[in-house]
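Chains as they are written, first to last, in this note's numbering: chain W, 1 to 245; chain H, 1001 to 1245.
All C-beta atoms in this analysis are idealised placements derived from N, C-alpha and C, irrespective of residue type, glycine included.
Working notes, structure below.
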DNA sequence: GTAACTTCTCAGGACCCTCTGAAACGGGCG
DNA sequence: CGCCCGTTTCAGAGGGTCCTGAGAAGTTAC
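In structure tokens:
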């Protein structure tokens, strides 16, 4: 079992792990995605082009597919159609360049599917796949809902609403992703590099300084005037933990 | 059986020892790492380049791999991909120079994997491998969690929290690593050189005086006003033991 | 097209950590 | 008692980590 400590993985209705296929012609990127998704406790396979994707799909029967729009042999839309003949209820998360044919994607995804633009953060991809599967009813909820709770801090991942002690907290997108990562790993020290890896885009070479900055932003909003929940561990990183124990 | 005294080793679900492969082209360093990991009760093999690593991996089927990024015949990323084809759920700990291609590493490790920069302390490497295996759920927990307990002294390696008799103790990074080493070897005399090798970086040429100094710091915080747990063994080193027996 | 917002860089500064050197301590032994 | 050695403690320099404010560039919304 490949579960993350303290947080049960989503599973299929029969209890087996969810199956995800990653299709991208950049083997490094495929490896990164693969690692992140596997880390969620899911069963992951990869393919480098459209033909391989179909072959893998027939074998794996994935619940979701993470699909690059630009492939060496064909484009993502053709693959999508073929995938639907193999498994009609499959969910697809498209990967696309920011300036690409975004409108076509938008049209295609009007169904149950979704897309993210490169470069993206791993947290975002994982969250989207989770969202897809949840909406498709594919995943049995082992956790009690789409809510993340740490002490009196509550985050609704669907509505993007965050409250502390019932009080609403407004967050920018990056602040939200950072807090989500912290809330998914409560009571655990997260190093600045770890945070940078997961919350910023996968190829962001930036310095650890941004993390400090955004931690500072979060403190102003989350800990403002209250007992602090975000703590610095000098030389190690940051921890989020409930106030009392 | 090569278990450490007083502390059961992590094992695989079937009870056999965890298997770790060390890949580094510096045979001295490989030997040091090998020793430290074997000391944990794990089954360890080494390889000097990518080709040998794959061959060993096929034979050993390791649960974790400690992998130098710079190898004579190939780079660590290619090895990582090949490793995943051999054993998809393998965990990888990268070794890399501080100023090296850190951003690529950052991306690659974003999944369940991790990395440390040279020079590192052996304690750190061991702790990271343990962390990897624990998070991967690969290791059956023979101990009740990520907590180290000696008498009324408790250390949570994830949150970096240390308490004695329920009272929180604040430690600097070096103090924390030193205490971790002591707590992993309770009731055993540790020489200053042993401590220096394990807690400070493996090529730190410093004098034993720092150890004395940091022991003194720890005493002030851990033993402050209480029955002492840290004892000096003149001419031999230091011991940590519970108060009563 | 403008205004509001978000993201990130830069620089100053406070504070903490680490290690050095030197002096004080204290047991063992002549 | 006085010396030697290993150990402990103190004080402080230097270096590093971390926090914050101000502001530039880019993005989004209207």
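Does the Cβ of residue 1207 (chain H) have 16 or more other Cβ atoms within 10 Å, making it buried, or fewer, making it exposed? exposed
Margin query: Just to confirm my understanding: we take residue 1217 (chain H), look at its own chain, exclude 5 residues before and 5 after, and list those with CB closer than 7 Å. What are they?
Written below: 1175
I'd like to know whether the C-beta atoms of residue 173 (chain W) and residue 157 (chain W) end up nearer to each other than 7 Å.
no
Q: Could you tell me whether the Cβ of residue 1159 (chain H) comes closer than 7 Å to any Cβ of chain W?
A: yes
* What in chain W is Cβ-close to residue 1113 (chain H), meaning under 7 Å? -> Result: 35.
Going by the DSSP bridge assignment, what does residue 231 (chain W) pair with across the sheet? Answer is W:239, bridged to residue 231 (chain W).
Leaving aside the five residues before and after residue 182 (chain W) along the sequence, list all residues of the same chain whose C-beta is less than 6 Å from its C-beta, in chain order.
-> 240
Review point. From residue 160 (chain W) to residue 128 (chain W), what does the alpha carbon distance come to, in whole angstroms?
Key: 13 Å
Taking only beta-carbon atoms, is residue 48 (chain W) less than 7 Å away from chain H? no
| query | Count the other CB atoms within 10 Å of the CB of residue 1224 (chain H); is the residue buried (16 or more) or exposed (fewer)? | reply | exposed
Helix, strand or coil, according to DSSP, for residue 118 (chain W) in the structure here? Residue 118 (chain W): strand per DSSP, three-state reduction.
### Query
Given residue 151 (chain W), which residues of its chain have a CB within under 7 Å of its CB, disregarding the five upstream and five downstream residues?
229, 242, 243
Could you give the first and the last residue of the continuous alpha helix (DSSP H) run that contains residue 45 (chain W)? Taken as a continuous stretch (DSSP letters only), residue 45 (chain W) belongs to no alpha helix (DSSP H), being part of the beta strand (DSSP E) at 43-47.
- Message: I'd like to confirm the pairing. Which residues does DSSP put opposite residue 91 (chain W) in its beta bridges?
- Response: W:64.
Next item on the list: For residue 1180 (chain H), decide whether its Cβ has a neighbour in chain W, counting only Cβ atoms nearer than 7 Å.
Entry: Not a single CB atom of chain W sits nearer than 7 Å to the CB of residue 1180 (chain H).
Quick check on residue 166 (chain W) - is its C-beta less than 7 Å from some C-beta in chain H? no
- Relative to the alpha-carbon of residue 1194 (chain H), which residue among H:1238, H:1030, H:1059 has its alpha-carbon at the smallest distance? Distances from the alpha-carbon of residue 1194 (chain H) to those of H:1238, H:1030, H:1059 put H:1238 closest.
Cα-Cα separation, residue 1079 (chain H) to residue 1062 (chain H): Here the C-alpha atom of residue 1079 (chain H) lies approximately 14 Å from the C-alpha atom of residue 1062 (chain H).
| task | Examine chain W for any beta-carbon lying closer than 7 Å to the beta-carbon of residue 1081 (chain H), and answer yes or no. | result | yes
Runs of 3 residues minimum, wholly inside the segment 1171-1213 of chain H: which ones carry the beta strand (DSSP E) assignment? none
request  = Measure the C-alpha to C-alpha separation of residue 1038 (chain H) and residue 170 (chain W) and round it to an integer number of angstroms.
outcome  = 50 Å
Against residue 239 (chain W), what residues of chain H qualify as contacts under a CB-to-CB distance less than 8 Å, listed in chain order?
Near residue 239 (chain W) (Cβ distances below 8 Å), the residues of chain H are 1159, 1160.
**OP:** Can you say whether residue 1073 (chain H) is buried or exposed, counting buried as having 16 or more other CB atoms within 10 angstroms of its CB?
**Re:** Residue 1073 (chain H) should be labelled exposed.
Residue 85 (chain W) versus residue 36 (chain W) - alpha carbon distance = Residue 85 (chain W) and residue 36 (chain W) have their alpha carbons spaced roughly 28 Å apart.
Practice item. Kindly indicate which residue of H:1166, H:1093, H:1032 has the alpha-carbon position closest to the one of residue 1131 (chain H). Key: H:1093
Item checked: Alpha-carbon to alpha-carbon, residue 67 (chain W) and residue 21 (chain W) -> 8 Å
### Query
Quick one: what's got a C-beta closer than 8 Å to residue 122 (chain W)'s C-beta in the same chain, skipping five residues either side?
32, 33, 36, 197, 198, 202
Note to self: At the 7 Å Cβ level, is residue 1143 (chain H) part of the contact set with chain W, yes or no?
What the structure shows: Caution is warranted here: a pLDDT of 46 is assigned to residue 1143 (chain H), below 50, making its placement in the model unreliable, and no coordinate value can be reported.
*Buried or exposed by the 16-neighbour rule on C-beta atoms within 10 Å, applied to residue 1163 (chain H)*: Residue 1163 (chain H) counts as exposed, since fewer than 16 other beta carbons sit within 10 angstroms of its beta carbon.
Check your understanding: To the nearest angstrom, how far is it from the Cα of residue 19 (chain W) to the Cα of residue 82 (chain W)?
Key -> Our two residues, residue 19 (chain W) and residue 82 (chain W), have alpha carbons roughly 18 Å apart in a direct line.
Open item on the list: On the CB-based measure, 16 or more other CB atoms within 10 Å of its CB, does residue 1047 (chain H) come out buried or exposed?
Closed with: buried
Next on the checklist: Please report whether the beta-carbon of residue 1017 (chain H) lies at a distance below 7 Å from any beta-carbon of chain W.
Outcome noted: At a cut-off of 7 Å between C-beta atoms, residue 1017 (chain H) does not count as an interface residue with respect to chain W.
Margin query: Pull the bridge partners of residue 1027 (chain H) from the DSSP assignment, please.
Written below: In DSSP, residue 1027 (chain H) forms no bridge with anything.
| query | Which residues in the same chain as residue 221 (chain W) place their Cβ atom closer than 6 Å to its Cβ, once the five residues preceding and following it in sequence are excluded? | reply | 169
When DSSP labels each residue in this structure, what does residue 1012 (chain H) get in the three-state scheme? coil
In three-state DSSP terms, what is residue 32 (chain W)? helix
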